[in-house]
Amino acid sequence: SQGGWEISVGTAGTKGAQPQTLEVDGLILATPARRNPALLNEVDPTLAEDFSKIPYGSCALVSFGFLREQIAHSLDGFGFVVPSIENRQILSCSFSSIKYTNRAPDGHVLLRAFVGGACQGELIDLDDEQLQKLVLRELADLLAITGQPMLRHVTRQIQAMPQYYLGHEQLVERIEKRADQLPNFALASNVLHGIGIPNCIQAGEKAAEKLNDYLFATASSAKVALGSCS
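Following this note's numbering, the numbering of the sequence shown begins with 1183 at its first residue and continues without gaps.
Below, the structure is given as C-alpha cells:
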C-alpha cells in the first residue's frame, strides 16, 4: 500500500475464521526461503523466483539421556561434527547438557544427534525405533557408551535446513539488492549469511536497524514538510 504494507494474516486451524488484514509502516520478512515465493510473487516476481532457487534439506534429531558413568568419553567439548569421509549415518552430535546448564540432572548427560540432511535425507523416513537403534549404535562406537539410554526422544525437521551450495553468496547478493529496492522492507533469515543462532540474531538486528533508520528518516521528513507549510 502507499507508504506501507498490507498483510493478510491467515487463521490456520480455526474453522470458519476469515483472514485478517493488517496495515503496517514497515515489514521484516523472516520466513523460510521456501515460503517466500508465494509471499512475494505479486510484489516482486524476480525476487520471488530467486528465493525459490535455494534448496532445503530435512533432518531428524535423536536425543538420549544417559548416566554419566555409562559414557567413557571425556566429553571435553560441546559436541562433534562427522565428516562425510567417515561414512557414518549421523551428521553431528551435541553434548547438550555440557553446552547448556540445567539440561540434565547431576550425574546425567543429554546427547542430541542429527541424522539425514541433504546427502542422507532418506534416513528421516525410518521410524522412531529404527532411528534410535541407528544413532545408539553410532554413538556407542564413537563415545564408548555402554548400556541403554534412560531417555529417548525423536523429532523431525522437514525442509528446515537451507543448503549453501556453490553460488549461494552471489544469489544472496542478488536477493538483497532486489530487496533494497522495496520501500520500508528488510530481510532476516537463516538463508542469508549463516544458519546458526548468532547468525540469525545478527541478521535480525541488522534488519531492525535498517527499518528503524528508514522509518525515522521518513517521519523526520514528514515533520519538516509539515513545518514548512505552517
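By construction, the Cβ of each residue, glycine as well, lies at the ideal position given by its N, Cα and C atoms.
Note that the coordinates shown come from a computational prediction; the quantities given were computed from them, not determined experimentally.
Per-residue DSSP class, three states only, for residue i
| i | result |
| --- | --- |
| A1390 | helix |
| A1368 | strand |
| R1338 | strand |
| F1398 | helix |
| V1251 | Looking at the sequence provided, one finds Glu at residue 1251 rather than Val. Correct three-state label for E1251: helix. |
| F1260 | coil |
| T1203 | strand |
| A1295 | strand |
| P1380 | helix |
| L1221 | helix |
| P1265 | coil |
| V1373 | coil |
| P1287 | coil |
| G1329 | coil |
| I1236 | coil |
| I1189 | strand |
| L1209 | strand |
| A1242 | strand |
| P1227 | helix |
Buried/exposed call for residue i, threshold 16 Cβ in 10 Å
| i | result |
| --- | --- |
| G1299 | buried |
| Q1200 | exposed |
| F1398 | exposed |
| P1344 | buried |
| N1218 | buried |
| L1320 | The amino acid at residue 1320 is misidentified as Leu; the sequence shows Glu. The residue in question, E1320, is buried, as its Cβ has 16 or more Cβ neighbours within 10 Å. |
| S1276 | buried |
| A1407 | Below a pLDDT of 50, predicted positions are generally treated as unreliable, and A1407, at 41, falls in that range; the measurement from the model is reported next regardless. It is exposed - the Cβ of A1407 has fewer than 16 other Cβ atoms within 10 Å. |
| I1357 | buried |
| K1392 | buried |
| D1232 | buried |
| S1245 | buried |
| V1191 | exposed |
| F1260 | exposed |
| S1279 | buried |
| V1297 | buried |
Whole-angstrom C-beta distance between residue j and residue i, which should lie under 8 Å
| i | j | result |
| --- | --- | --- |
| Q1312 | Q1271 | Actually they are not in contact, since the Cβ atoms of Q1312 and Q1271 sit about 11 Å apart, beyond 8 Å. |
| A1242 | R1338 | 5 Å |
| A1370 | A1215 | Not really, about 12 Å apart at Cβ, beyond 8 Å. |
| N1366 | N1372 | Rounded, the Cβ-Cβ distance is 23 Å, inconsistent with contact. |
| L1353 | D1226 | At roughly 15 Å, the Cβ-Cβ gap does not stay under 8 Å, so L1353 and D1226 are not in contact. |
| S1274 | Q1341 | Between Q1341 and S1274 the Cβ distance is about 19 Å, and since that is not below 8 Å, they are no contact. |
| E1205 | E1188 | 6 Å |
Is the number of C-beta pairs between the segment 1348–1357 and the segment 1292–1310 that are closer than 8 Å three or more? no
Counting pairs of beta carbons, one from the segment 1288–1295 and one from the segment 1249–1266, are three or more of them closer than 8 Å? yes
Specify whether the segment 1325–1336 and the segment 1219–1238 touch according to this definition: at least 3 beta carbon pairs, one from each stretch, less than 8 Å apart. no
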